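Some notes on the structure that comes next.
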Amino acid sequence: MKKRMMKKIAALALSAVMALSLAACGGGGSEAPAGGGDGAEADASSWEWERKVTIVCPWGVGGGADGTLRPLQTVLENELGVPVEIVNVEGAGGANGVNYAYKQPADGYTYMLGTQSLIMLDLQKILPMDFKAEFIPVSKLVHSILIVGSSAKAMEGKFTNFDEFIEYAKAHPQELSCGMLTATGADSVAMKQTLAGGLGCDVTEVEDYVKIVSYSSGSEMSSAMAGGHIHISISGVDEIKGLIDSGDIVPLISLSEERMSSYPDIECTGEKGIDSYIGTWRGIFCRTDTPAAAVAAMDEAIKKAWESEDYQEFLKNANYLDREGYQTGDDFQTLIDEEYVTFEEYLKGAGLM
1 MKKRMMKKIA ALALSAVMAL SLAACGGGGS EAPAGGGDGA EADASSWEWE
51 RKVTIVCPWG VGGGADGTLR PLQTVLENEL GVPVEIVNVE GAGGANGVNY
101 AYKQPADGYT YMLGTQSLIM LDLQKILPMD FKAEFIPVSK LVHSILIVGS
151 SAKAMEGKFT NFDEFIEYAK AHPQELSCGM LTATGADSVA MKQTLAGGLG
201 CDVTEVEDYV KIVSYSSGSE MSSAMAGGHI HISISGVDEI KGLIDSGDIV
251 PLISLSEERM SSYPDIECTG EKGIDSYIGT WRGIFCRTDT PAAAVAAMDE
301 AIKKAWESED YQEFLKNANY LDREGYQTGD DFQTLIDEEY VTFEEYLKGA
351 GLM
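With the first letter of the sequence shown counted as 1, position 267 gets the number 267 in the UniProt record's numbering; the numbers rise by one all the way through.
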């Protein structure tokens, strides 16, 4: 299984290099800037925090994205020495929040939480700006393993595990419902890759077997799962841990090469030969022309906050430690570039680009 993963990573890296080479030869597309707007060597020590810092969350209160920021807020305030305000601007799959952050001054005091969903929005030209040109990553916070879970109420009498779900879906086309945050977002890619692997069909044919139901927030989707209104959904384990522990959600499969250390009884895509390993990352972004010193100072503060005892306890309890979490902006950019290639291939294959 590890060999297969290494081959996949190598293929992604090669694709990324080819894509960058084409861009350098005039093939179109924008390159992500390497640093803050002043173009100078970033010197975190030269930046002094003088007033409140705002972090925009493009998704609703109570969801996984928001839940990653809340535990960081207090420890980050301690590092910065100024208040940190989280502003939730939800809607349009994250586009509203990105547009809001884009309209704020690039003065070092406004940042934004981002996920893969923003890559999908950018590739589909849904955002009102060129995201790669207008935003840069500051720090990656978490990279969770996604889980396909089932509503305990909705699954009763129909299936008890992933294989039985697949067989039921084949025998009863479009009877089962599948919840996603955005029908064309990163979670959609992950879910459709997983179901297609199990069903033995193309990702474009998954909706022949299950009904897709889109939700505007993770909390709304979790409520639907707990109430038995949909059969399955895909989420980071952090978002549904409480419902797993309460028995309202039954985990069916994790999107990972190997079983999770925190949930060793959950089957994984790797052991079933399903090529689906996308996990949800969340990180901090800022406008490209933000002062480089501010970007460096924020990254430095985030790293210290991330390493704090309080945030490490949150990461442990939310099952975020199975994959590398914190990364600097440069390392984070490498991951982002790879996923641009992956998601562009998916969207083109699905006829969405």
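Beta carbons are placed, not taken as given, at the ideal position from N, Cα and C, and that holds for glycine.
Note that this is a predicted model, so its numbers are computed, not measured.
- Decide if E205 is buried, meaning its Cβ has at least 16 other Cβ atoms within 10 Å, or exposed. E205 should be labelled exposed.
- If S46 sits next to A293, beta carbons under 8 Å apart, how far is it from one beta carbon to the other, in whole angstroms? Contact between S46 and A293 is confirmed by a C-beta separation of about 5 Å, below the 8 Å threshold.
- Task: Between the Cα of Q193 and those of M221, A171, I274, F159, spot the shortest distance and give me the residue it belongs to.
- Result: Ranking M221, A171, I274, F159 by Cα distance to Q193 puts I274 first.
- Quick one: what's N88 bridged to in DSSP? Its beta-bridge partners are C57.
- Message: For G349, count the other beta carbons within 10 Å of its own beta carbon; 16 or more makes it buried, fewer makes it exposed. Which is it?
- Response: With fewer than 16 Cβ atoms within 10 Å of its Cβ, G349 is classed as exposed.
- For E239, which option in S217, I253, G227, E257 has the closest C-alpha, if you only look at C-alpha atoms? Closest by C-alpha distance to E239, out of S217, I253, G227, E257, is S217.
- Message: Less than 7 Å separating the Cβ of A152 from some heavy atom of the ligand MG?
- Response: Ligands in the displayed structure: none, and consequently the ligand MG is not present.
- Query: Which of helix, strand or coil does DSSP assign to L181?
  - Reply: Assignment of L181 by DSSP, reduced to helix, strand and coil, places it in the coil class.
- For the alpha helix (DSSP H) that T74 lies in, which residues bound it at each end? That run of the alpha helix (DSSP H) goes 64-80.
- Message: Taking its Cβ as the centre, do 16 or more other Cβ atoms sit within 10 Å of A40, making it buried, or is it exposed?
- Response: Confidence at A40 is low in this model, with a pLDDT of 42, below 50, so its placement is unreliable and the value that follows should be read with caution. A40 counts as exposed, since fewer than 16 other C-beta atoms from the protein chains shown sit within 10 angstroms of its C-beta.
- Query: Enumerated in chain order, which unbroken segments of the beta strand (DSSP E) with a length of 3 residues or greater are wholly contained in the segment 188-238?
  - Reply: Runs of the beta strand (DSSP E) inside the segment 188-238: 210-214, 232-236.
- Provide the residue(s) that pair with L176 in DSSP beta bridges, ordered along the chain. In DSSP, L176 forms a bridge with V210.
- Message: According to DSSP, is G351 part of a helix, a strand, or is it coil?
- Response: Coil.
- Which same chain residues, not among the five before or five after F162, have their C-beta less than 8 Å away from its C-beta? Counting only Cβ-Cβ distances below 8 Å, and skipping sequence neighbours, we find V148, G198, L252, I253, E267, K272.
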